[in-house]
Amino acid sequence: MSNKDNDTAAGNASPKKKMKKEDLKIAIPFSKLRISRWNRSYNMPPDQDYIKILAEDIDRNGLIHPLILVPWKDGAGHDIVAGANRMRALEGVRGKDSGLADGEFTVRFDLTETDPRCFELSVAENQHRREPSSYELAVYVARIISEEKIDQIKVSKVMRLPRPTINRLVALNTWWAELPESWQKDLKVSPGVASEEPGPAITFSHLYNAVPALEKFSGPELRKLLDRARDEAWSTRELKRQLDGFDPAAESAAQANNAN
29 MSNKDNDTAA
39 GNASPKKKMK
49 KEDLKIAIPF
59 SKLRISRWNR
69 SYNMPPDQDY
79 IKILAEDIDR
89 NGLIHPLILV
99 PWKDGAGHDI
109 VAGANRMRAL
119 EGVRGKDSGL
129 ADGEFTVRFD
139 LTETDPRCFE
149 LSVAENQHRR
159 EPSSYELAVY
169 VARIISEEKI
179 DQIKVSKVMR
189 LPRPTINRLV
199 ALNTWWAELP
209 ESWQKDLKVS
219 PGVASEEPGP
229 AITFSHLYNA
239 VPALEKFSGP
249 ELRKLLDRAR
259 DEAWSTRELK
269 RQLDGFDPAA
279 ESAAQANNAN
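What follows is the structure, encoded as structure tokens:
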């Protein structure tokens, strides 16, 4: 699950001329925009670190990639199929009372918010942008399947992810509450954001190997083992080896003996 971040001016993109605030002619106010339910940012808390980086780049180079919008049924506003983070970054640069200028958006008048083709458009437009965290992707995939009634085969094809990966993402959403806090923290990290901090010890590959155990066991013994995996930075191979031999009853007895 690796995509290049292409929201900023990195790479071979040619920066647009920065638009001065005094020259800005608002075509669509931010108040008339909402995030489409097909967008993976829908109902998700913003990644403030990423938005800050994006806002700094937009302030320096201007908006390079326009937002993709579909009109509301009543024509009073638009839904953001792609570009929710760019809109948030622009709000940070210009203020919430501002909006989008001509050339900063494309309106797909052939689509409406109820059209499932918005799912394909949103995924295709974001293929080479910021990589979502495993948690974001899991929530998105589970919602598209359960609420929008898109089957796993279609989701796998559109998102270009193997079916087993889609299954594990659905499982992550299902078993999220069973994971220790340390795992939840790591799985919320987006690999697309540059940082001086070391990368997370727990990745989607660790989760992939932990799902069978989560489906079979639950409780404090398993969470303690998963915490240990994170604290000691186990490889996925070591995690699988430990989980293959995991016996919650034996773990509980050993902990009781240690306490005595």
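For the record, in the sequence shown the residue sitting at position 61 is 89 according to the working numbering, with numbers rising by one throughout. Even for Gly, the Cβ is constructed at its ideal location relative to N, Cα and C.
Problem - Anticipated Cβ contact below 8 Å, LEU97 with ILE108, distance rounded - result: Yes, LEU97 and ILE108 are in contact; Cβ-Cβ is about 6 Å, under 8 Å.
Practice task
Give me the Cβ distance between ASN195 and ALA166, rounded to the nearest whole Å; I'm assuming they're in contact under 8 Å.
Solution key: No, ASN195 and ALA166 are not in contact; Cβ-Cβ is about 11 Å, not under 8 Å.
Handout entry: beta strand (DSSP E) segment containing GLY127, residue limits
Key = 127-129
Problem - Spatial distance of PHE137 from PRO99 (CA atoms) - result: 7 Å
Exercise for the section: Would you check if the distance between the CB atom of SER18 and the CB atom of LYS124 is smaller than 9 Å? Expected result: Given that the chain is displayed from residue 29 to residue 288, the structure contains no residue 18 and the question cannot be resolved.
Problem - Cβ neighbour criterion (16 or more within 10 Å) applied to GLY227 - result: By the C-beta density criterion, GLY227 is exposed, having fewer than 16 other C-beta atoms within 10 angstroms.
Exercise for the section: Tell me, please, which residues DSSP counts as bridged to SER110. Expected result: Note that residue 110 corresponds to Ala in the displayed sequence, not to Ser. Answer by DSSP bridge pairing, in chain order: ILE96.
Problem - Local Cβ density within 10 Å of PRO160, reported as buried at 16 or more and exposed below that - result: buried
Exercise for the section: For THR134, name the three-state secondary structure that DSSP assigns. Expected result: strand
Practice task
Give a yes or no on contact between the stretch 71-78 and the stretch 124-134, applying the rule of three or more CB pairs nearer than 8 Å.
Solution key: no
Handout entry: Residues of its chain near HIS106, where Cβ-Cβ distance is below 7 Å and the 5 sequence neighbours each way are ignored
Key = ILE56, LYS60, LEU61, LEU97, VAL98, PRO99, TRP100 and VAL135
Problem - Supposed contact pair ALA112 and ILE178 - C-beta distance, whole angstroms, cut 8 Å - result: Not really, about 19 Å apart at Cβ, beyond 8 Å.
Handout entry: Unbroken beta strand (DSSP E) run spanning ALA55, endpoints
Key = 54-57
Practice task
Return the CA-CA distance between LYS182 and SER162, expressed in angstroms with no decimal places.
Solution key: 20 Å
Exercise for the section: Can you tell me which of ASP259, LYS252 and SER210 puts its alpha carbon nearest to the alpha carbon of PRO276? Expected result: LYS252
Handout entry: Residue range of the unbroken alpha helix (DSSP H) whose run includes ILE86
Key = 76-89
Problem - Limits of the unbroken alpha helix (DSSP H) element including LEU61 - result: No alpha helix (DSSP H) holds LEU61; the beta strand (DSSP E) holding it covers 61-63.
Problem - Buried versus exposed, by CB contacts within 10 Å (16 or more), GLU209 - result: GLU209 comes out exposed.
Handout entry: PHE147 (DSSP reduced to helix, strand or coil)
Key = helix
Practice task
Alpha carbon to alpha carbon, how far is VAL198 from TYR236? Give it in angstroms, no decimals.
Solution key: 11 Å
Handout entry: Alpha-carbon to alpha-carbon, PRO94 and ASP143
Key = Rounded to whole angstroms, ASP143 to PRO94 spans 21 Å at the Cα level.
Handout entry: First and last residue of the uninterrupted alpha helix (DSSP H) at MET72
Key = It is not in any alpha helix (DSSP H) - MET72 carries neither H nor E in the DSSP assignment.
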